Amino acid sequence: MGAAANRLSYRDLCSLAITCRRHNRLSSDPSIWSILLALDFPQPISSSSSSSSLPVPSKSLYRIRFERDKARRIAASRRAMLIAESQVSVCKGRLKELEYQLRKESERMKGTLEELSNLERIRRASVALNVWQPELVRGSQRQMVEQCIVPIECRLSNLKMEVNLCKHQISIYKNAYNEQKQRLQKSKEALSSQKYNPLEAYHSNVSRTDSGTKRKKLT
Numbered sequence: 001m002g003a004a005a006n007r008l009s010y011r012d013l014c015s016l017a018i019t020c021r022r023h024n025r026l027s028s029d030p031s032i033w034s035i036l037l038a039l040d041f042p043q044p045i046s047s048s049s050s051s052s053s054l055p056v057p058s059k060s061l062y063r064i065r066f067e068r069d070k071a072r073r074i075a076a077s078r079r080a081m082l083i084a085e086s087q088v089s090v091c092k093g094r095l096k097e098l099e100y101q102l103r104k105e106s107e108r109m110k111g112t113l114e115e116l117s118n119l120e121r122i123r124r125a126s127v128a129l130n131v132w133q134p135e136l137v138r139g140s141q142r143q144m145v146e147q148c149i150v151p152i153e154c155r156l157s158n159l160k161m162e163v164n165l166c167k168h169q170i171s172i173y174k175n176a177y178n179e180q181k182q183r184l185q186k187s188k189e190a191l192s193s194q195k196y197n198p199l200e201a202y203h204s205n206v207s208r209t210d211s212g213t214k215r216k217k218l219t
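The sequence shown begins at 1 in full-length UniProt numbering and counts up by one.
Structure (structure tokens):
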């Protein structure tokens with residue numbers, strides 16, 4: 001028998017019963033449903049061998065187990081979808097956090113570079129004081145040097161180290177940002193796969209085709 005050889009599924013059996021009245025009796029044959037039940041929903045020997053005071057027909061038992069399995073698969077699909085949605089949300093939140101950190105670190109480096117540039121000008125002015133210059137220029141340079149209350153060379157060294165640190169930190173954030181974007185893309189693809197419904201996609205394509213045909217006829 002086809003069912004015993006695992007060639008006849010419950011869909012095939014129902015289709016035969018619908019398309020041919022003569023085969024309608026097959027849909028009520030308990031021996032076929034017993035085979036399908038054993039193939040599709042095998043039970044442990046201990047539970048299958050236990051006798052019941054009111055035995056349930058094989059077809060009814062198949063329907064019960066089918067609905068139970070269907071509910072389980074739907075619940076598993078919903079869990080997978082919730083997990084995918086959660087992963088997308090986490091990735092988006094992480095990307096926003098990295099964008100903030102990148103912006104903050106870039107602003108920090110910009111301020112450090114500006115201070116470094118100002119100190120370079122003060123150092124050049126300090127060196128120029130040892131060379132003869134017009135008094136007006138010399139006075140301006142002296143004022144600039146006197147306003148600097150920290151040792152120039154020491155501060156310059158610290159600022160250069162800070163710039164290098166900022167560059168290193170920005171590089172780390174950029175790499176993390178790119179990796180997070182890839183994770184987000186994969187999470188979106190996983191979510192799209194979970195939400196994909198072949199029937200909805202088919203009806204959507206049919207609707208677009210019909211609307212396109214109508215527009216062509218109107219033109």
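Even glycine gets a Cβ: it sits at the ideal position worked out from N, Cα and C. Note that this is a predicted model, so its numbers are computed, not measured.
Asked                                                                                                                                : Found
Residues of its chain near residue 160, where Cβ-Cβ distance is below 8 angstroms and the 5 sequence neighbours each way are ignored : 116
Selection from 171, 166, 39 that minimises the alpha carbon distance to residue 224                                                  : For the chain, the structure presents residues 1 to 219; residue 224 sits outside this window and is missing.
Identity of the residue in 28, 164, 177, 175 nearest residue 108 by Cα                                                               : 164
Integer-rounded CB distance, given that residue 32 should sit under 8 angstroms from residue 13                                      : 7 angstroms
Inter-residue Cα distance where the pair is residue 28 and residue 58                                                                : 9 angstroms
Proximity to residue 93 [Cα-Cα], best of 190, 186, 177                                                                               : 177
Contact set for residue 49: own chain, Cβ-Cβ below 8 angstroms, skip 5 residues either direction                                     : Low confidence applies here, because residue 49 scores a pLDDT of 45, under 50, leaving its location unreliable; read the following figure in that light. Taken in chain order, the list of residues that qualify is empty.
Separation of residue 180 from residue 70, as counted between CA atoms                                                               : 35 angstroms
Spatial neighbours of residue 95 in its chain, beta-carbon cut-off 6 angstroms, leaving aside the 5 residues before and after        : 180
Alpha-carbon spacing of residue 122 relative to residue 103, whole angstroms                                                         : 29 angstroms
Alpha carbon of residue 80 to alpha carbon of residue 74, nearest angstrom                                                           : 10 angstroms
Between the CA atoms of residue 64 and residue 51 - distance to the nearest angstrom                                                 : Because residue 51 sits at a pLDDT of 49, beneath the cut-off of 50, its placement in the model cannot be relied upon, and the following sentence gives the value as read from the coordinates. About 18 angstroms.
Assigned secondary structure, residue 166 (DSSP; H/G/I helix, E/B strand, else coil)                                                 : helix
Min CB distance residue 122 to chain D below 7 angstroms                                                                             : Absent here is chain D; the protein component of the structure consists of one chain.
Residue 14, DSSP secondary structure in three states                                                                                 : helix
Beta-carbon spacing of residue 91, residue 187 below 7 angstroms                                                                     : yes
Integer-rounded CB distance, given that residue 194 should sit under 8 angstroms from residue 84                                     : 5 angstroms
Euclidean distance between Cα positions of residue 170 and residue 106                                                               : 7 angstroms
Euclidean distance between Cα positions of residue 119 and residue 98                                                                : 31 angstroms
Inter-residue spacing [alpha-carbon to alpha-carbon] between residue 155 and residue 162                                             : 10 angstroms
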